[in-house]
Each structure stands twice: as C-alpha cells, then as structure tokens.
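Read through the structure below, which is laid out as structure tokens, and then see the notes.
In the working numbering, the protein residues as written are 7 to 509.
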C-alpha cells in the first residue's frame, strides 16, 4: 500500500522534524490541526488544516477538532469495499493512509498535579479515537501511536519508499492497542482510586531477564526498577534476585534502628538491629552463615568501609543500601558479578496480587506493624521491657516469613526461624534445631508465631529450651491451654489480635 495522505496530531513534538522531512521527501500530503499544524508550518512544511478539510472549526476550547466524518471516514474506509469507495467519492472524503498521534500525558499529570480539572483535561478523546480507528483498519492504514515508534516509522518509510505491507501495518496496530488499553487502564485507576472493584493492571515498561525461576523458563520483569534502585555494579538482575530483593525491601522498611538483613529464597536467614552497623552485620550473619551463601543483603544505613570489609568475606549475590562510602564501594566491587544497588525509592503498592487457577487474587498489602500499646498480656507474668522489645522485633520478622513460621529472637537478633512448615510445632522444632546448630543460648529468648497455637505443645517445647516470652495473635478455641501452661511455668505471653499469614 502506498501512503498518500498522513494525519498528524501530537502533543509532544520531539523527533517529529525528521518524520516531517521524510514525508515531504516522499511527497506525502499532511493534514493537521491546532498546535501540531502550527509546528509543521514553522518548520517550513506544507500542511492542510483539519478545519479546511472538514469545513468545520475547532470548538469547545479545542475539545472537538478531529471528531468528524471526513476524518474518520477517510481512516475507516475499506479500500477493497466498493460501497465504501463510492461513499468516499459522494461525500468528498479523502483517504487517510497514515495516522500519527501522541496522546495527552494523563499519567504524568496525575503524578504531578492535584488539580482535578487539569487531570480531566488530559483525558485524550480525539487522539485515542484516531488510534483505535486506524488500528482497527490496519488492512489499509498505518498507525503510529507514540513518539517512541518514530525510529521504526522512519526506517519503514526509507526502506520501502512510502509503501507498507500488511505485516507492517498489523505490527503497528498491535502496539497501538497496547498503548490505548494502557491509557484507558490509567484513567480507570485514577477514578477507582485503586479500590478492589476490578482487577486491571497495565505496565508497558519491561526488562528481558536471562530466564525465569529456572533456566528452561522464559521470564520478564514488567515495571521500572530504575525508579527504586540505581545499580552501581554487577551483572544483570535475575528473576530470583528480584524476588529476594522485593522481600528484602519490604522487610527492612519495617525497621527504624540500624538494621541489616540477609535474605534467602524470600525469607530472612539473618537479621539484627544494633547501634553499630558492623555489629549489626556480624550478628545478622551469625544466625545462619551457611544459608547466607549466595543471598541478598540489605541495610537501612550507609555501608562504611569497616562493614564492607566484613561483608566482603562471604559470597553473596546482591547488596542493597541507601548509600555507600566510596572506600566501601571499592571493596565491594572486587567481585565483578556482585550486584550493588542503591535504594533511592520506596515500594508504595497498596495491593498485592498473584495468578491463581484461571484468575487472580488481589488483596491489600499487610502494612500492620504492632507496637507495645497493641499488646495484650494474657498471662499472670508481664513481659519485661527488654522482652517487649524482642517480641516486637520478632513479630516484624514473622510477618515477612513464609507460613507456617516461628521466629526465635534475643537482644534484637534473629536466633533462628522455622519457615514454610506444614505444622506450627514442626516450625518451632526446626528453629530450635537450627539455633543449636549455631551454638545459640536460648535461655531468655522470645518466640513469635504468625498465627495462633492450636495446642499447648509449642509453648511446652519452647519452655524446655529456656524461652521466656511469647507473642502470637491469639484466637484459638484452645488458647487457655497455652495460657495455663505459661502461668504454671512463669512464662509471659502477649496477644496481638493480628494474624500474619504469608503463603
């Protein structure tokens, strides 16, 4: 198909000069309106106004310019249908073979403005209609729906000298429907305020990953990771790296004190809060130095040289921090594949979702952080101030661990955890076994559970190992069994009333 007439209506003018020159060189007629027409004229190219073509002015402050049968008839007419051709001739409608549109920046306006009227005015009507019409009639019309496609358009025009084939037009149409659907989703989300009414997600930016969870699986990341991180060093981030990075960022966000965590398979295998960063690292690593191998390390404070020198002694995949001392960075860069990230943004998602069966589950993100005032002591013995600190520390971690989970902590240090077990007592036994493997003294430690104890066996086992305080949601019909055991054995227990399952 030979392009004879092009309609151009764009918001952004960057990169349009070269397109205009190529259209002029190929003697393709141009129709335009408003600011685009003015821009084309200023660049010295010949252009016919939409108003001249339609014999109808732009009205309602520019809200209605291109919405006219002489425009949409020229786009939607089927060149192979005789009746369409006759109607074009009867109503003197010229065929439009190329539509170049760039939509109003709705998403950007929502992100930068609180003015409702300004946002509403950035809902494109004419542009989105032109895109859909041209894309629908891809058998006869080429549609360019974003300035990001100009380079592809120029290559096509130059190589084929103004001709296009069906595959070209269908490819551009596909991208146009991608852009239009994303645009509509953004508008819907603005009006719905992300409520749990309908599940609509559209993310255009994508990064090709080396593979998915396993080498035989393909994988992509949809999103803009550069909004959250600056990568200073290392190889390309993998699918599994991203899962651990996500878990690490969400965990560390719950801590204000100087804290370091070590993540492995989305669970923390090390965590400690200390006044000194180097000590936080030493104590975080101590919880499980074996699992830390190949893990993801995250700190909520700047990495200094002393800490970096200690961290550098083990093999790990990723390190994340808000900043690094220059000499610390040089130490960490000694391994060429080591991924070093600066976290410059926060994850602000209100909802989380996952694919299940032939649909999706969506829920509010678990942002609940218990504080001392939320705790209800249900035993005769009250926990000490130190135990309360440790209980709250452990409960933050239990929220970010795979269910069923038990966390044992002492002096704001993870001693051990049992995660992803099918029973709560097995999770506790696993945690105790691990603590003993790494020579921890459990006397005076505390225990946190992500859900209630169905039986008293967990507190009985904990007491035998010297654990003195327990935090749990409560809510079992047999809570009294655990409470009675604690009272008889001078243990303290607090209820939070909040379950933190994570599946």
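No residue lacks a Cβ here, since even glycine has one placed at the ideal position from N, Cα and C.
Note that the structure is a prediction, hence the values are computed from the model and not measured.
Residue burial is scored here from C-beta neighbours: residue 86 has fewer than 16 other C-beta atoms within 10 angstroms and is therefore classed as exposed.
With a 10 Å radius around the Cβ and a threshold of 16 neighbouring Cβ atoms, residue 60 comes out buried. Between the stretch 460 to 468 and the stretch 359 to 368, the count of Cβ pairs shorter than 8 Å is below three; the stretches do not touch.
Looking from the CA of residue 421, the closest CA among 164, 292, 260, 350 belongs to 292. For residue 276, no alpha helix (DSSP H) run applies; the uninterrupted beta strand (DSSP E) run containing it begins and ends at 273 to 279, by DSSP. Counting other Cβ atoms within 10 Å of its Cβ, residue 189 reaches 16 or more and is therefore classed as buried. Taken through DSSP and simplified to helix, strand or coil, residue 247 comes out as helix.
For residue 135, same chain residues with a beta-carbon under 7 Å away, outside a window of 5 residues either side, are 73 in chain order. For residue 138, the enclosing alpha helix (DSSP H) stretches over residues 132 to 142.
Cα atoms of residue 417 and residue 330: separation of roughly 27 Å, rounded to the nearest angstrom. One Cα belongs to residue 79, the other to residue 68, and the distance between them is close to 21 Å. By the Cβ test, the stretch 226 to 243 is in contact with the stretch 337 to 348, since at least three Cβ pairs between them sit closer than 8 Å. In this structure residue 173 is exposed. Its beta-carbon is surrounded by fewer than 16 other beta-carbon atoms within 10 angstroms. Measuring C-alpha to C-alpha distances from residue 459 to each of 371, 449, 483, 443 identifies 483 as the nearest.
Comparing C-alpha distances from residue 406 to each of 388, 102, 83, 261 shows the shortest one belongs to 261.
Per the coordinates, the alpha-carbon of residue 419 lies some 27 Å from the alpha-carbon of residue 354.
Exclusion of the five residues before and after residue 310 leaves 283, 331, 334 as the residues of its chain whose Cβ lies within less than 7 Å of its Cβ.
Beta-bridge partners of residue 235 (DSSP): 349. Secondary structure of residue 101 (DSSP, three-state): coil. Judged by DSSP in its simplified three-state form, residue 217 adopts coil rather than helix or strand.
If you compare the alpha carbons of 489, 148, 41 with that of residue 177, the shortest gap goes to 148. Between residue 501 and residue 478, the gap from beta carbon to beta carbon is short of 9 Å. Annotated three-state conformation of residue 321 is coil, per DSSP. The Cβ atoms of residue 103 and residue 7 sit closer than 9 Å to each other. Within its own chain, the residues whose Cβ lies closer than 6 Å to the Cβ of residue 348, once the five positions on either side in sequence are excluded, are 236, listed in chain order. Nearest Cα to residue 145 within the set 163, 123, 132, 170: 170. Counting along the chain, the unbroken beta strand (DSSP E) around residue 11 starts and ends at 11 to 16. Inclusion of residue 142 and residue 82 in the CB contact set at 9 Å is warranted, their separation being smaller than that value. No Cβ-Cβ contact shorter than 9 Å links residue 415 with residue 424. When the five nearest sequence neighbours on each side are left out, the beta carbons in the same chain lying within less than 7 Å of the beta carbon of residue 49 are those of 23, 26, in order along the chain. With a 10 Å radius around the Cβ and a threshold of 16 neighbouring Cβ atoms, residue 119 comes out exposed. Assignment of beta strand (DSSP E) within the stretch 327 to 411, counting only whole runs of 3 or more residues, yields 345 to 349, 357 to 362, 365 to 370 in chain order.
At the C-beta level, residue 266 and residue 296 stay beyond 9 Å of one another.
Along the stretch 448 to 502, the beta strand (DSSP E) occurs as fully enclosed runs of 3 or more residues at 452 to 455, 475 to 478, 498 to 501, listed in sequence order. Relative to residue 369, the option among 91, 204, 350, 352 whose CA is nearest is 204. Taking the C-beta atoms as reference points, residue 352 is found nearer than 9 Å to residue 259.
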